[in-house]
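Note sheet for the following structure.
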Amino acid sequence: MMAHLLLRHRDIPDIGKLDVYRKNGGFEAFKKAVTQMKPQEVIEVVKASGLRGRGGAGFPTGVKWSFVPNNIWPHYVVANADESEPGTFKDREIMESNPFQFLEGVAIAAYAVGANAAYIYLRGEFWPVAAHLDEKIAEMEKAALLGDKLFGTDYSLRIYTHLGAGAYICGEETALLESIEGKRGQPRIRPPFPAVYGLYGKPTVVNNVETLTNVPLIVEKGADWYKSLGTADSAGVKIFSLSGHVKKPGNYELPFGTTFRQLIYEYGGGVLDDRPVKAIMAAGASSAVIVADDKALDTPMDYASVKALGADLGSASVIVINDSVSMDWVINKTIHFFKHESCGKCTPCRDGTYWMLHLIERIERGEEVEANTQLLHTVAKQMQNKCLCPLGEFSTMAVTTAIERFPQDFRG
Amino acid sequence: MTKTVTLTIDDQQVTVPEGTLIVNAAKMVGIDIPVFCYHPKMEPVGMCRQCLVEVGRPAIDRATGQPVLEDGKPKIQFGPKLETACTTPVSEGMVVLTHSEKARAAQKEILEFLLTSHPLDCPVCDKGGECPLQNLTLAYGPAESRFLYSEKHHAEKHVPLGDKIWLDRERCIQCGRCIRFQEIIAGDPVLSFYQRGRDTDIITHSDPPFDSIFSGNTTDICPVGALTTADFRFGARPWEMKAAASICSLCPVGCNLTFNTRREAKAGGKVVIKRAMPRQNEQVNEIWICDRGRFNWHYVEDPSRLTHPLVKKDGKLEKASWSAAIEAAGNQVKGNQVLVVASGRLSNEDLFNLKQLADGLGGEALLYDSLPGGELTTRYGVSAGTNLGDLGAGSAILVAAADLYHEAPIWYLRVKAAAERGANLVIVNPEATRLDKYAKKLVRCGKDEAAAKVRELAAELTAAENLVVFFGRTADRNLAEDCAALLQGREGRANNGLIGVWPRANDQGAWELGYKPVDPSTGSGQALAQAVKGKVVYLAAADPAGDDPQLAEALKGAKAVIVQELFPTKTASLADVVFPAQAFTERDGSYTSGERRVQRFYPATPPLGESRADFAIAAAVAAAAGLEVEGRSALLVMDKLAAAVPAFVGISYRKLAEVTEQWPIVGRGDLYYGGTTYENRQGLGVQLNVSTFKRSNVVRGRAL
Ligand SMILES: Cc1cc2nc3c(=O)[nH]c(=O)nc-3n(C[C@H](O)[C@H](O)[C@H](O)COP(=O)(O)O)c2cc1C
Ligand code: SF4
Ligand code: SF4
Ligand code: SF4
Ligand code: FES
Chain Y
84 MMAHLLLRHR DIPDIGKLDV YRKNGGFEAF KKAVTQMKPQ EVIEVVKASG LRGRGGAGFP
144 TGVKWSFVPN NIWPHYVVAN ADESEPGTFK DREIMESNPF QFLEGVAIAA YAVGANAAYI
204 YLRGEFWPVA AHLDEKIAEM EKAALLGDKL FGTDYSLRIY THLGAGAYIC GEETALLESI
264 EGKRGQPRIR PPFPAVYGLY GKPTVVNNVE TLTNVPLIVE KGADWYKSLG TADSAGVKIF
324 SLSGHVKKPG NYELPFGTTF RQLIYEYGGG VLDDRPVKAI MAAGASSAVI VADDKALDTP
384 MDYASVKALG ADLGSASVIV INDSVSMDWV INKTIHFFKH ESCGKCTPCR DGTYWMLHLI
444 ERIERGEEVE ANTQLLHTVA KQMQNKCLCP LGEFSTMAVT TAIERFPQDF RG
Chain U
-7 MTKTVTLTID DQQVTVPEGT LIVNAAKMVG IDIPVFCYHP KMEPVGMCRQ CLVEVGRPAI
53 DRATGQPVLE DGKPKIQFGP KLETACTTPV SEGMVVLTHS EKARAAQKEI LEFLLTSHPL
113 DCPVCDKGGE CPLQNLTLAY GPAESRFLYS EKHHAEKHVP LGDKIWLDRE RCIQCGRCIR
173 FQEIIAGDPV LSFYQRGRDT DIITHSDPPF DSIFSGNTTD ICPVGALTTA DFRFGARPWE
233 MKAAASICSL CPVGCNLTFN TRREAKAGGK VVIKRAMPRQ NEQVNEIWIC DRGRFNWHYV
293 EDPSRLTHPL VKKDGKLEKA SWSAAIEAAG NQVKGNQVLV VASGRLSNED LFNLKQLADG
353 LGGEALLYDS LPGGELTTRY GVSAGTNLGD LGAGSAILVA AADLYHEAPI WYLRVKAAAE
413 RGANLVIVNP EATRLDKYAK KLVRCGKDEA AAKVRELAAE LTAAENLVVF FGRTADRNLA
473 EDCAALLQGR EGRANNGLIG VWPRANDQGA WELGYKPVDP STGSGQALAQ AVKGKVVYLA
533 AADPAGDDPQ LAEALKGAKA VIVQELFPTK TASLADVVFP AQAFTERDGS YTSGERRVQR
593 FYPATPPLGE SRADFAIAAA VAAAAGLEVE GRSALLVMDK LAAAVPAFVG ISYRKLAEVT
653 EQWPIVGRGD LYYGGTTYEN RQGLGVQLNV STFKRSNVVR GRAL
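Line by line, the protein sequences give chains Y and U.
Each position in the first sequence, counted from 1, maps to that position plus 83 in the working numbering.
For the second sequence, position 337 matches number 329 in the working numbering, and the numbering has no gaps at all.
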């Protein structure tokens, strides 16, 4: 197995110490960027690497950075460490155990887009992680890796952590920005996108923790090297958060293109109780449910291939469901989650999740199961394409696909 | 010139300014797109999703950058998703389908979602009959519910948000209009959302709760019956009420109102006023009014109102017939110099006739309870074409010795908006005011220093292209003159001039008609006490005896006292003759606002008892004294007034009743869009030109 690129602490246990990180090449990429590269060159390298956002949408990172206009100032970088998708637990491991690589990624991103301040937005429950990062940031300041006139240039940068108050929606980038501004965590209408109108109305790049943790390697080793990993569609490595009915749940850093079967059986040690896999949710609670037939199991995990299965890879939080579970139970869980997390700003999500909740509860109570299942499906469909932010759509994904793909689980 | 964009909405070609939102472009050509959260006076938020429409744009060939043609016409590409018409600006060649099958389906589906959590208690809801949710449901909604009634969201139904506004949490559709109005337009951000998802609620977090003088407006723009006023709730159904156009009588802003009335069993079958609503006048109050205007009209129905004339007999006031009372008053004034003391509560017509009475008998007409420097506004006041809504970057506004928020609330609102558009707002005031946070410069100083401070600011203020100066309550003569001096050379120029923040709605009218000041509060009470000695004093809508015991004493030394009043005041009790006057809600008339806009009001209810209009009373007394004064109707008095007073040249009731198209479009058919504010069909009024009168010595010692 090749050495970890992101979860490097698994190979070098002390990489979370500044001296150890530096001994292993840490902050060389940041120094190189600041002292030898123009911001535009950094953006070009990241663009060429094919790096795509790991927060769920898979948007090309370099392209996003290039949207930042140079006639509106100041610029900001925000690291999205809200990590709230049920089944996703990769960013936390990075921040806890390999924090400097992430912080270096933040720093390089900031330099690339001309930001002198960067924020790390963490979900409220991550307060120990925030405290830990604050220590690391202080160490970097002491070591003149943050602050004014970095590496003898005119570039200055400061990084701040910011804790949310415990809302899934605050992982959505515009709700996150509102939250940093001290407002209710509710999404803004897009466009304008944060790259143009972001934090305090200024151009802002929002990237996931894992996305940013890739950046030092790309700057250090080059775009071609990075592209050689993964698939044509999805370059590089990805941390797959594996959970559900597997023997060895956990984070697995693997190249894109690894199949579901490999992940579950080779790395995850197989299915709990050695039962057959029934379904896979590849993007946490927001997933369309994949019927785990052979074709699906042999599908390489990259954005395009998973899409072809009628699902999304999202943040690659792979939840494995064996045949002991009925899908109505699964969507009962997801609906409860989304009903609880709907921010209430827009009608279809606020009222739709509430309605779906009542319908699934009726189904669970065995009341007119078929009619109510059908109505539930209609209501979910009715929500689609109308919501203000993707959360509302997310809330319907498992519902519609479970009903369509596992009809036998919805019979009275 | 602003750039325009041409697009097609439901087969209609429309050309609108660049940046126009689809929803407004549609409205301009009479196409309705249902909205709840969008309001044309506020930035869009795209929350309710009610306005979903199909939007197509010309396909562009990536290689050439040219539109792709299909059968010689640009090929239109529709996106996979519907778009919210309230957040999407128009673009060239766009094609919008607002009533296609897809759009209609989506609009219906959003309504169905809204109705799942709505109590549908229309039969007992104040909004029923003028409710956007009700109307849009009929027009666009589903015919039946697929949601189980027993699973409806329940919440508190009677929540006092403050002492003026009640909230029904169940009816709220979380559109956020109320919150945004308070935050953005009123500048009193005292409402918020609380909780999230289906539990989202409106709360107030100010102490006292819902602390805003503009709170009533939220009930107009709330698209459901979630917000109602303590004053009106459960008072009447909208369709039972008639509408009468009026003008607020409580401050010099002159907000346009509509009184809703109905015959009421409780009132013995009489027609009574049920509520006051704003009436659109984009140059005066836009579509808003303050809570005083909305709630403080009840004095007109006070049971203590005078209903018949009184004449003093053997030292006691006794009920008399009109003819006897007129005769008695006529005998008193005939052949005497009459001192008229009237207040700015009266209409232009009343003041004009009273002044004629004084002039005709060689007396004098004084304006009671006034500020120093009033006559300066007839020369330096704002004039035709002035609209505070036009002020922005490049303009300067000085507010001296006035607290607009409390004294003339809608001026606060509009000055705040001008400051937000970039006008240079300077405030010189002894105390903090709510307007302060919008000022570019704040000068906190006592009354004695204010004039000097204003002189210091002169260079900065007069550098602006447009300059509007407000002076108010605590101004003294010096300050008034220094404010006027800033406007030298700007006389008659639109969007420039002096505005008095008068205590009464029609003080400006009195100045225009040549009334002289007396003001007990500024020490000239002494002067008034002197002036009444041995005179026949004719008081109208003024109660000096009630305001000041010294004046009560002084009045006893008058030769005779005649009073026209709504109420049995202290002054009335000292009178020889008392005439019962009609309230402004019972008659025709006009006021001149502080912005020198003459505006008509109309009768809303029949007059109380035997009361008569002040102008008619004055005319009748004048006739009894052998003078010829028009008193048959307010309209005819205005004709005389316009012929006699140069500033009013060309003004007639017909002219005052003229309207031009206003934006945004509001009214009964557009409730869902603009709210329950009334459309203006009864007149926008006419702003006076600067009087061509040459008044010498207007400003002491200075060549102005
Ligand atoms: C409801 C919702 C929740 C989200 N939660 C997260 C999250 O917890 N972490 C994250 O990185 N991105 C999350 N996203 C995605 C972000 O909006 C955004 O796309 C991402 O942070 C961009 O970074 P990337 O391009 O590096 O992926 C969420 C999106 C939605 C709609
Ligand atoms: S879709 Fe849901 S989470 Fe997103 S804005 Fe609407 S209510 Fe809020
Ligand atoms: S109270 Fe009325 S205006 Fe306020 S959010 Fe609810 S429905 Fe909208
Ligand atoms: S601002 Fe003045 S005129 Fe307007 S409603 Fe209020 S009190 Fe009446
Ligand atoms: S989203 Fe357009 S009106 Fe509410």
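Every residue gets a Cβ at the ideal spot worked out from N, C-alpha and C, and that includes glycine.
Alpha carbon of residue i to alpha carbon of residue j, nearest angstrom
i, j, result
"Val637/U", "Val88/U", "54 Å"
"Ala237/U", "Gly666/U", "18 Å"
"Ala385/U", "Gly340/Y", "58 Å"
"Thr210/U", "His31/U", "12 Å"
"Val482/Y", "Lys321/Y", "27 Å"
"Ser409/Y", "Lys144/U", "28 Å"
"Asp118/U", "Leu260/Y", "39 Å"
"Ile446/Y", "Thr456/Y", "7 Å"
"His215/Y", "Glu179/Y", "7 Å"
"Leu776/U", "Ala546/U", "Since the first residue shown for chain U is -7 and the last is 696, residue 776/U is missing from the structure and cannot be characterised."
"Val461/U", "Trp289/U", "29 Å"
"Tyr186/U", "Ile194/U", "6 Å"
"Phe323/Y", "Pro338/Y", "10 Å"
"Lys361/Y", "Ser407/Y", "8 Å"
Endpoints, the beta strand (DSSP E) within which residue i is located
i, result
"Ala392/U", "Ser387 to Ala392"
"Gly464/U", "Asn458 to Gly464"
"Thr253/U", "Asn248 to Glu256"
"Arg436/U", "Lys433 to Arg436"
"Ser238/U", "Lys234 to Ile239"
Residue i - DSSP class collapsed to helix/strand/coil
i, result
"Gln42/U", "coil"
"Lys647/U", "helix"
"His290/U", "helix"
"Phe276/Y", "coil"
"Ala226/Y", "coil"
"Val37/U", "coil"
"Trp210/Y", "helix"
"Gly189/U", "helix"
"Ile318/U", "helix"
Residue span of the alpha helix (DSSP H) that contains residue i, given as start and end
i, result
"Pro124/U", "Pro124 to Tyr132"
"Tyr437/Y", "Thr430 to Glu447"
"His158/Y", "Counting along the chain, His158/Y falls outside any alpha helix (DSSP H), though it belongs to the beta strand (DSSP E) covering His158 to Ala164."
"Glu504/U", "Asp499 to Glu504"
Other residues of its chain near residue i: CB distance less than 7 Å, five sequence neighbours each side excluded
i, result
"Gly414/U", "Gly384 and Ala385"
"Gly327/Y", "Ile402, Val403 and Ile404"
"Lys311/U", "His300 and Leu302"
"Ile353/U", "Note on residue identity: the sequence assigns Leu, not Ile, to residue 353/U. Cβ neighbours of Leu353/U beyond the five flanking positions: Val325, Asn328, Gln329, Val330 and Ala617."
"Asn681/U", "Ser375, Ala376, Gly484 and Ala639"
"Ala450/U", "Leu478"
Cβ-based neighbour list, residue i, same chain, cut-off 8 Å, excluding 5 preceding and 5 following
i, result
"Trp158/U", "His150, Val151, Pro152, Leu219, Thr220, Thr221, Ala222 and Arg225"
"Asn153/Y", "Gly197"
"Ser313/U", "Pro301"
Close Cβ partners of residue i (< 6 Å) along its chain, the five nearest in sequence each way excluded
i, result
"Arg240/U", "In the sequence on display, residue 240/U carries Cys and not Arg. Cβ within range, chain order: Cys247, Leu249 and Gly285."
"Val103/Y", "Asp97"
"Ser239/Y", "Asn199 and Asp231"
Residues with a Cβ closer than 6 Å to any heavy atom of ligand 6, in chain order?
This structure lacks ligand 6; its bound ligands are ligand 1, ligand 2, ligand 3, ligand 4 and ligand 5.
What residues sit near ligand 4, counting only those whose C-beta is closer than 6 Å to one of its heavy atoms, in chain order?
In chain order, the residues with a C-beta atom nearer than 6 Å to some heavy atom of ligand 4 are Cys240/U, Leu242/U, Cys243/U, Val245/U, Gly246/U, Cys247/U, Asn277/U, Ile281/U, Cys282/U, Arg284/U, Gly285/U, Ala400/U, Pro401/U and Ile402/U.
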